[in-house]
């Protein structure tokens, strides 16, 4: 129950944060492009669902379940072993996946 409550709170904080907003011009040229990455070995469900393209809460829960049962991912391709995640989804998110 605590885990679900914490996940819900984290989701509210993530979805209501101003990270998704941007204006058309960067404030400072050296920060004009920020890479979004997520550590698939430490991220919780809400973070995975928010930061990985094509991953919703159900798939994020499967990622965490698989990680808890099988240990940490050793390479990005291992993510394709998770139910509902295929090689194309791994390729689509390769630049965001961190180990």
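Residue numbers (mature numbering (1 follows the signal peptide of the UniProt record, and there is no 0)): -22 to -1, 1 to 77.
All C-beta atoms, glycine included, are put in the ideal place defined by N, C-alpha and C.
Bear in mind that the values here come from a model prediction, so they are computed numbers and not experimental data.
- request: Sort 64, -16, 30, 17 by Cα distance to residue 50 and report the nearest one.
  value: Cα-wise, what sits closest to residue 50 is 17.
field: Spatially closest choice to residue -16 from 27, 14, 12, by CA coordinates
entry: Here the closest residue by C-alpha is 27.
- request: Would you kindly check if the distance between the Cβ of residue 29 and the Cβ of residue 14 is under 8 Å?
  value: Yes, these two residues count as a Cβ contact at 8 Å.
- prompt: How is the alpha helix (DSSP H) around residue 24 delimited, first residue to last?
  reply: DSSP places residue 24 in the uninterrupted alpha helix (DSSP H) bounded by 23 to 29.
- request: Just the C-alpha distance for residue -20 and residue 66, rounded to the nearest angstrom, thanks.
  value: Taking the straight line from one Cα to the other gives about 30 Å.
Extent of the continuous alpha helix (DSSP H) to which residue 73 belongs: Here residue 73 belongs to no alpha helix (DSSP H), and DSSP marks it neither H nor E.
query: If we ignore side chains and look at the alpha-carbon of each, how far apart do residue 23 and residue 32 end up?
result: As the crow flies, the alpha-carbon of residue 23 is around 13 Å from that of residue 32.
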